[in-house]
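Chemist: Quick one: structure below, then a few questions.
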Amino acid sequence: MPKEMKRIRKIVKRDVKGYLPNVILLSLILLLSTTSACLPIPDFHWTGDEVGVGCYGNIVPCEDNTYDLGDVTNGWHNAYIHDLVVNNVTLPSAYSAASSVTTVAGTYVSGNLASIQTLNDGDEYVVDEVAAIPGFNVQVGFTNVTSFDVVLLRHQYDGSATHWVTIDLRNYTLGGWDSYSVLRYTTNSICDYITFIVPSSAHYISGGNVLVRIYHWTNGDVSHTEYIDFIALRRFN
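Numbering (my numbering), first residue to last: 2 to 238.
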């Protein structure tokens with residue numbers, strides 16, 4: 002810890018009676034602004050007799066353990082942040098919309114590609130099960146994909162709790178399919194939101210193409226239906 006920071010901690014721990022709050026705060030501001038570029042704190046204000054220091058602005062994590070805040074072992078103890086104001090925190094991302102949808106197995110009922118490109122629009126891609134294995138196999142393609150981190154699905158499976166349905170990704174490196182999530186049986190027209198993280202998408206991209214399938218592993222029942230409202234890939238920048 003820099004000597005200036007140690008001095009700050011000693012000052013804050015002492016009884017403030019007899020000290021001018023404004024003088025102490027001015028010292029804190031000057032020392033912090035000159036000793037730690039990784040913790041910009043543009044404003045302080047005095048909050049009471051217990052030496053409460055309010056922090057307004059941004060807190061930027063240290064990139065190394067030069068300072069206490071960036072050191073797990075020597076981290077600040079009993080540090081309280083009051084009235085922290087944060088504006089416009091965003092996590093840039095990009096969607097990849099589906100470019101194709103195909104019923105490989107099952108009975109196609111209704112819907113098209115546009116049905117699965119917009120979330121919660123009342124338009125769905127609908128497939129009934131067949132009395133065979135697989136009960137249904139719906140494959141959704143994506144093109145011009147360089148990478149992705151998350152797969153999103155909104156759907157309803159009006160079937161049976163004993164039936165096994167998964168959402169899978171085509172593995173172009175090893176061949177075959179990798180199952181990422183089990184889709185549960187839902188009732189009362191309630192749609193499920195399925196979101197899962199893909200740690201390394203490189204295995205699932207070939208020439209910019211990605212293939213996702215919704216697959217019914219067991220023998221189907223013709224009275225059971227799968228409704229797909231939305232499916233997409235998302236990349237975090």
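For each residue, glycine too, the CB sits at the ideal point set by N, CA and C.
All values derive from a computational prediction rather than experimental measurement.
Can you give the Cα-Cα distance for residue 211 and residue 224, rounded to whole angstroms?
Modeler: Counted from its first residue, the sequence shown places residue 211 at position 210. Counted from its first residue, the sequence shown places residue 224 at position 223. Looking at the two C-alpha atoms, the distance is approximately 31 Å.
Chemist: Hey, how far is the Cα of residue 232 from the Cα of residue 185?
Modeler: If you number the sequence shown from 1, residue 232 lands on position 231. If you number the sequence shown from 1, residue 185 lands on position 184. Each residue's alpha carbon lies about 16 Å from the other.
Chemist: Where does residue 234 sit, in a helix, a strand or coil, going by DSSP?
Modeler: For the purposes of this step, residue 234 is identified with residue 233 of the sequence shown, where counting begins at 1. Correct three-state label for residue 234: strand.
Chemist: Following the continuous beta strand (DSSP E) through residue 154, name the residue where it begins and the one where it ends.
Modeler: Along the sequence shown, one-based indexing puts residue 154 at 153. Here the beta strand (DSSP E) through residue 154 covers 151 to 159.
Chemist: For residue 214, tell me which candidate among 97, 103, 98, 96 has the shortest Cα-Cα distance.
Modeler: Taking the first residue of the sequence shown as 1, we reach residue 214 at position 213. Out of 97, 103, 98, 96, 103 has the C-alpha closest to the C-alpha of residue 214.
Chemist: Contact between the region 131 to 140 and the region 176 to 183 is defined here as three or more beta-carbon pairs at a separation below 8 Å; is this criterion met?
Modeler: As far as the Cβ criterion goes, the region 131 to 140 does not touch the region 176 to 183, which means the pair count is below three.
Chemist: Pull up the DSSP beta-bridge partners for residue 176, would you.
Modeler: Counting from 1 along the sequence shown, the entry for residue 176 is found at position 175. According to DSSP, which records beta bridges pairwise, residue 176 is partnered with nothing at all.
Chemist: In whole angstroms, what separates the C-alpha of residue 228 from that of residue 128?
Modeler: Translated into the one-based positions of the sequence shown, residue 228 becomes position 227. Translated into the one-based positions of the sequence shown, residue 128 becomes position 127. So the alpha carbons of these two residues sit roughly 7 Å apart.
Chemist: Please classify residue 143: is it buried, with 16 or more other beta-carbons within 10 angstroms of its beta-carbon, or exposed?
Modeler: Within the sequence shown, residue 143 is the residue found at index 142, counting from 1. Per the 10 Å Cβ criterion, buried.
Chemist: Which same chain residues end up closer than 6 Å to residue 101 when comparing Cβ atoms and leaving out the 5 residues on each side of it in sequence?
Modeler: Translated into the one-based positions of the sequence shown, residue 101 becomes position 100. Result list for residue 101: 142, in chain order.
Chemist: In whole angstroms, give me the CA-to-CA distance for residue 217 and residue 119.
Modeler: Along the sequence shown, one-based indexing puts residue 217 at 216. Along the sequence shown, one-based indexing puts residue 119 at 118. Taking the straight line joining both Cα atoms gives about 24 Å.
Chemist: Can you name the residues that DSSP bridges to residue 142?
Modeler: Counting from one through the sequence shown, the residue named residue 142 turns up at place 141. Beta-bridge pairing links residue 142 to 101, 212.
Chemist: Can you list, in chain order, the residues of its chain with a C-beta nearer than 8 Å to that of residue 113? Leave out the 5 residues immediately preceding and following it.
Modeler: Stepping through the sequence shown from its first residue, residue 113 is reached at position 112. So the qualifying residues of the chain are 102, 126.
Chemist: If you compare alpha carbons, which of 97, 131, 156 is closest to residue 106?
Modeler: Counting from one through the sequence shown, the residue named residue 106 turns up at place 105. Measuring from the Cα of residue 106, the nearest candidate turns out to be 131.
Chemist: Just the C-alpha distance for residue 155 and residue 226, rounded to the nearest angstrom, thanks.
Modeler: The residue labelled residue 155 in the question sits at position 154 within the sequence shown. The residue labelled residue 226 in the question sits at position 225 within the sequence shown. Computed Cα separation, rounded: 14 Å.
Chemist: Where does the unbroken beta strand (DSSP E) through residue 108 begin, and where does it stop?
Modeler: In the sequence shown, the residue the question calls residue 108 occupies position 107. Per DSSP, residue 108 belongs to the beta strand (DSSP E) from 108 to 111.
Chemist: Looking only at its chain, what residues have a beta carbon closer than 7 Å to the beta carbon of residue 111, apart from the 5 residues adjacent to it on each side?
Modeler: Position 110 of the sequence shown, counting from 1, holds the residue named residue 111. Hits under 7 Å: 127.
Chemist: Out of curiosity, what's the CA-to-CA distance linking residue 160 and residue 221?
Modeler: Taking the sequence shown and counting its residues from 1, one reaches residue 160 at position 159. Taking the sequence shown and counting its residues from 1, one reaches residue 221 at position 220. Cα to Cα, the separation comes out at about 9 Å.
Chemist: For residue 171, I'd like the list of residues in its chain whose CB is within less than 7 Å of its CB, leaving aside the five on either flank, ordered along the chain.
Modeler: In the sequence shown, the residue the question calls residue 171 occupies position 170. So the qualifying residues of the chain are 178, 205, 212.
Chemist: Pull up the CB-CB distance for residue 146 and residue 97, whole angstroms please, since I reckon it's below 8 Å.
Modeler: Within the sequence shown, residue 146 is the residue found at index 145, counting from 1. Within the sequence shown, residue 97 is the residue found at index 96, counting from 1. Yes, they are in contact, since the Cβ atoms of residue 146 and residue 97 sit about 5 Å apart, within 8 Å.
Chemist: Would you tell me roughly how many angstroms separate the C-alpha atoms of residue 133 and residue 219, rounded to the nearest one?
Modeler: For this step, residue 133 is matched to residue 132 along the sequence shown. For this step, residue 219 is matched to residue 218 along the sequence shown. Taking the straight line from one Cα to the other gives about 8 Å.
Chemist: Whose C-alpha, out of 234, 195, 151, is nearest the C-alpha of residue 158?
Modeler: As a working note, residue 158 is residue 157 in the sequence shown. Residue 195 is the option with its Cα nearest to residue 158.
Chemist: Quick one: give me the first and last residue of the beta strand (DSSP E) that residue 170 is part of.
Modeler: For this step, residue 170 is matched to residue 169 along the sequence shown. That run of the beta strand (DSSP E) goes 166 to 171.
Chemist: Quick check: residue 150 and residue 192, are their CB atoms within less than 8 Å of each other?
Modeler: Working through the sequence shown from its first residue, we reach residue 150 at position 149. Working through the sequence shown from its first residue, we reach residue 192 at position 191. No, Cβ-Cβ distance for residue 150 and residue 192 is not below 8 Å.
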